[in-house]
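Chains as they are written, first to last, in the numbering used here: chain U, 1 to 209; chain P, 1 to 209.
Protein chains: 2
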Amino acid sequence: MPRAGLSREKVLAAALALVDREGIAALSMRKLGAELGVEAMTLYYYVPNKDAVLDGLIDMVVSRVTVEPVGPWREWLRAFAVAIRRELLAHPALLPLVATRPVLAPGGLATAERMGAALRAEGFGALEGLQLVNAVATFVVGHTLAEAGHTPGHDEPDVAGVMESLDPGEYPVLTEALRAGLGTPEDHQERFDRALDALLGGLAPRASV
Amino acid sequence: MPRAGLSREKVLAAALALVDREGIAALSMRKLGAELGVEAMTLYYYVPNKDAVLDGLIDMVVSRVTVEPVGPWREWLRAFAVAIRRELLAHPALLPLVATRPVLAPGGLATAERMGAALRAEGFGALEGLQLVNAVATFVVGHTLAEAGHTPGHDEPDVAGVMESLDPGEYPVLTEALRAGLGTPEDHQERFDRALDALLGGLAPRASV
DNA sequence: CTTCGTCTCTTACGGCGTAAGAAAACGATA
DNA sequence: TATCGTTTTCTTACGCCGTAAGAGACGAAG
């Protein structure tokens, strides 16, 4: 029986809290151990290495995205996209991780399977349906990355700073767009909605509509 | 006059070669120095710190994407998307970097400006046009990341391995899709083309078509 | 020759992931 | 209670990393 009451789950939970609070760069085995009142090497009893911690983190987040594929397929695919985005924005520090690991992690497999099955019932082929799911997922990750996936050190795009340093004579259209709100949260939301609508509106099963 | 004939450009070029050859994780100041026949600290005469090297790398790649915005806007936007993808796939190790830094880097500003101006001439607003450019860019980055942006260590998705370890009883649709080519290069290409068509087809200026 | 600006090196510090194994705390048994 | 095997934790050490600080080597200019 563990003396400090540790477990893989508690290690991962502490890691997520640490990352959310101080960013991905602050996640070191030593700091994570300190967070749990334990030496760094102790963690290796619960986790094979640091990479497993990272994998565990993305799996935690991905597993939280659960959407029932019922009703019109465009609607629940949209809900799927929105759910991914919400979850990613809740843990922006994890974005670079989620983006650079294969989507075929255990946490997302069941969801992918259910969606693929539902789409096949709508006339899509198995490959075609999962391509669609994949396209939506990669779109959301890409968009959310651009929105919130800043490398620590380069903090957020800093629209105001860019605007000032931009020569209006050289970049008139950019200047005008920035003044009109390019890069603001509302802009991201609007762009996300519009592009998602376009994407979903343009995709359909090969055979019929 | 430099004794070793070094320069910021040569440092960056060597860094790009090193990254292309051994991956982003292999890029350390010491190795980069060795690559150039010089000690690590020597590099700091040409570059303020490692982060500046990374910034320089993405700027090199981004700057190479130059598309003339002439003709039907959907066509050159498509060419733009294809050009980004080509450039990113040529240096897949840089993908995680490109994805996590603001798109508003110097190298891409001029391109964005020209495209924004061209779109405004087509009836888009300044903000609206740049949103469109941004949407296309983030889509491409997201898609290409999923295609080739594997974290070193996790090498490429390894479709064969996933297929074998997948229980066909539990994941019938996934199994079928994998057998049909999900995750192959052709699959990526096809999905990219289809989603890009959908995206471009669904986007239009607010006022007219 | 001296001086100065340019370029490169040496040394050192604190941090990282983790391999190897000693050491401590525990429940069960005698 | 005393002992034992297992489970859990810690100590030490190695080779990496980015880079701060400053010494040294060099050609050109006076």
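Don't be surprised by glycine CBs; every beta carbon is placed ideally from N, CA and C.
Residue i - DSSP class collapsed to helix/strand/coil
i	result
ASP167 of chain U	coil
VAL82 of chain P	helix
ALA121 of chain U	coil
LEU191 of chain P	Sequence inspection shows Arg at residue 191 of chain P; the Leu mentioned does not correspond to that position. Reduced to three states, the DSSP call for ARG191 of chain P is helix.
GLU147 of chain P	helix
LEU36 of chain P	coil
ALA26 of chain P	helix
PRO92 of chain U	helix
ALA204 of chain U	coil
ALA180 of chain P	coil
VAL67 of chain U	coil
ARG74 of chain U	helix
THR175 of chain U	helix
TYR44 of chain U	helix
ASN134 of chain P	helix
LEU127 of chain U	helix
Chain P residues whose Cβ lies nearer than 8 Å to that of residue i
i	result
ASP197 of chain U	GLY202
ALA81 of chain U	Result: empty, since nearest Cβ-Cβ is about 12 Å, beyond 8 Å.
VAL141 of chain U	GLY142, LEU145 and ALA146
LEU130 of chain U	VAL173, LEU174, ALA177 and LEU182
ARG194 of chain U	GLN131, ALA135 and LEU203
THR42 of chain U	Chain P residues near THR42 of chain U: none, gap ~23 Å exceeds 8 Å.
Reference residue i; option with closest CA among the options
i	options	result
ARG101 of chain U	P:LEU200, P:GLY149, P:ALA198 and P:ALA99	P:GLY149
SER63 of chain U	U:VAL133, U:TYR171, U:GLY71 and U:GLU87	U:GLU87
ARG8 of chain P	P:GLU22, P:ILE24, P:LEU54 and P:ARG21	P:LEU54
LEU89 of chain P	P:VAL133, P:GLU68 and P:PRO185	P:PRO185
ALA198 of chain U	U:VAL65, U:LEU57 and U:LEU77	U:LEU77
ALA126 of chain U	U:PRO205, U:LEU27, U:ALA34 and U:LEU16	U:PRO205
LEU45 of chain P	P:MET29, P:MET60 and P:LEU57	The question names Leu, yet the displayed sequence has Tyr at residue 45 of chain P. Out of P:MET29, P:MET60 and P:LEU57, P:MET29 has the C-alpha closest to the C-alpha of TYR45 of chain P.
ALA13 of chain P	P:LEU119, P:LEU32 and P:LEU95	P:LEU32
ARG21 of chain P	P:LEU6, P:ALA93, P:GLY181 and P:VAL61	P:ALA93
ASP59 of chain U	U:PRO168, U:THR42, U:GLY107 and U:ASP51	U:GLY107
ALA172 of chain U	P:LEU166, P:ARG194 and P:THR111	Sequence inspection shows Pro at residue 172 of chain U; the Ala mentioned does not correspond to that position. Here the closest residue by C-alpha is P:THR111.
ASP187 of chain U	U:THR144, U:VAL67 and U:ALA40	U:THR144
ARG85 of chain U	U:LEU18, U:ALA195, U:LEU166 and U:ALA137	U:ALA137
GLU170 of chain U	P:LEU36, P:LEU109 and P:VAL65	P:LEU109
LEU178 of chain P	U:GLY129, U:LEU174 and U:LEU166	U:GLY129
PHE124 of chain U	P:ALA40, P:GLU176 and P:VAL67	P:GLU176
ALA83 of chain P	P:ALA121, P:ALA40 and P:VAL67	P:VAL67
VAL61 of chain P	P:HIS91, P:ALA81 and P:ALA34	P:HIS91
Proximity of residue i and residue j at Cβ, strictly below 9 Å
i	j	result
VAL98 of chain P	VAL47 of chain P	no
LYS200 of chain U	ARG74 of chain U	Contrary to the premise, residue 200 of chain U reads as Leu rather than Lys in this sequence. Yes, these two residues count as a Cβ contact at 9 Å.
PHE139 of chain U	GLY142 of chain P	yes
PRO72 of chain U	ALA117 of chain U	no
ASN134 of chain U	ALA146 of chain P	yes
LEU16 of chain U	THR42 of chain U	no
GLN131 of chain U	LEU132 of chain P	no
LEU203 of chain P	ARG194 of chain U	yes
ALA81 of chain U	LEU174 of chain U	no
Under 8 Å from the C-beta of residue i: neighbouring residues of chain U
i	result
GLN189 of chain P	What GLN189 of chain P touches in chain U: nothing, since even the nearest Cβ is about 11 Å away.
GLY149 of chain P	ALA99 and THR100
GLU87 of chain P	Those do not exist, as GLU87 of chain P stays about 16 Å from chain U at its closest Cβ, beyond 8 Å.
Residues that residue i contacts on chain P, provided the C-beta gap is smaller than 7 Å
i	result
GLU176 of chain U	ALA126
Chain-ordered chain U contacts of residue i [CB-CB under 9 Å]
i	result
PRO96 of chain P	PRO96, ALA99 and THR100
Listed by chain order, chain U residues near residue i by CB distance under 7 Å
i	result
THR66 of chain P	Near THR66 of chain P there are no residues of chain U at all, since even the closest Cβ is about 16 Å away, more than 7 Å.
Can you list, in chain order, the residues of the region 5–22 of chain P whose Cβ is nearer than 7 Å to any Cβ on chain U? none
Taking Cβ-Cβ distances below 7 Å as the criterion, which residues of the region 106–122 of chain U are in contact with chain P? LEU109, ALA112, GLU113, GLY116, ALA117 and ARG120
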